[in-house]
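Here the structure comes first, spelled out in structure tokens, and everything after it is commentary.
Residue numbers (our numbering): 39 to 333.
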């Protein structure tokens with residue numbers, strides 16, 4: 039716009055000189071129009087419009103001024119304004135940009151992370167000095183710092199914690215560290231989402247082998263516990279039988295056997311015409327059953 043203003047001003051002077059030399063009214067009219075256009079161009083060159091949800095950083099002859107808020111701003115026609123969006127921006131570290139990390143054991147994992155960040159308007163000048171533009175902020179500050187922190191956090195955890203048991207904790211640690219790193223630079227990190235973590239093929243093979251070994255060990259331990267329980271049951275059963283036999287042996291005296299013999303004869307006599315002699319020869323002999331139906 040400033041170049042156009044100068045060009046129109048030069049054209050106005052030339053037209054005026056030509057018109058004066060030739061005493062032509064048309065040339066003078068053209069000079070007047072060019073002069074008015076030059077003035078308008080100069081005015082517009084001093085006006086900088088910053089869109090909503092943006093902040094402008096003015097630079098005049100290499101000197102950086104105070105941030106310009108959204109709306110119409112007046113400044114020198116020699117001022118160049120660089121704008122930064124204040125809306126949240128998503129940095130997606132996935133696909134070919136996913137983060138390759140190593141656990142404390144050296145296992146390789148791949149993490150998909152989204153970092154949501156925004157420029158703090160009052161710190162736009164600092165970001166301009168550090169990165170030069172909004173794209174530079176993400177490429178030079180947010181992306182490299184985020185990747186470094188993600189790798190450092192995973193390096194403090196085991197592989198199993200990284201893809202399973204401690205994912206939520208790891209995500210919280212990453213978010214806290216990224217916010218702490220970028221906040222002093224004028225970058226407001228509103229959210230960090232650890233979306234997915236998966237092991238490399240080599241690590242996955244190691245995980246599968248370990249799971250198979252653990253399952254085999256569990257089956258062997260279960261079989262050993264079952265065998266031990268069965269052996270214990272049999273020992274208890276054998277001891278019970280032995281104790282029962284000892285009790286029975288102590289209780290089977292001659293008098294007891296004699297009484298049992300008599301009881302047996304009494305039961306037999308109820309259904310068969312038999313009679314019993316005293317149990318054995320004498321008072322303690324074997325019983326003799328006599329069948330009265332036979333001669």
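C-beta: ideal position from N, C-alpha, C; glycine also.
- prompt: Span of the beta strand (DSSP E) holding residue 173?
  reply: Segment 172-175 is the alpha helix (DSSP H) holding residue 173; no beta strand (DSSP E) there.
task: Give the secondary structure of residue 158 by DSSP, where H, G and I count as helix, E and B as strand, and everything else as coil.
output: coil
- prompt: Using DSSP with H/G/I as helix, E/B as strand and the rest coil, what is residue 319?
  reply: In this predicted model, residue 319 has a pLDDT of only 46, less than 50, meaning its place in the structure is not dependable enough to derive any value.
task: Might you give, ordered along the chain, the residues of its own chain that have their beta carbon closer than 6 Å to the beta carbon of residue 320, omitting 5 neighbours on each side?
output: Note on residue 320: pLDDT 48, under 50, position unreliable in the model; the coordinate value appears next. Within the same chain, residue 320 has no close Cβ partners at all.
query: In or out: residue 209 buried (at least 16 other Cβ within 10 Å) or exposed?
result: buried
- request: Please classify residue 224: is it buried, with 16 or more other beta-carbons within 10 angstroms of its beta-carbon, or exposed?
  value: buried
field: Spatially closest choice to residue 237 from 256, 265, 201, by CA coordinates
entry: 201
- request: Flag this pair as touching only if the segment 120-130 and the segment 193-200 have three or more C-beta atom pairs under 8 Å; answer yes or no.
  value: no
query: What did DSSP end up calling residue 101 once you bin it into helix, strand or coil?
result: Three-state result, residue 101: strand.
Status (buried if at least 16 other CB within 10 Å, exposed otherwise) for residue 255: exposed
message: Measuring only the C-alpha atoms, how far is residue 183 from residue 167?
response: 17 Å
Burial state of residue 161, where buried means 16 or more other Cβ atoms lie within 10 Å: Residue burial annotation: residue 161 is buried, with at least 16 other C-beta atoms found within 10 angstroms of its C-beta.
field: Pick from 157, 278, 264, 190 that is closest to residue 142, judged by C-alpha positions
entry: 190
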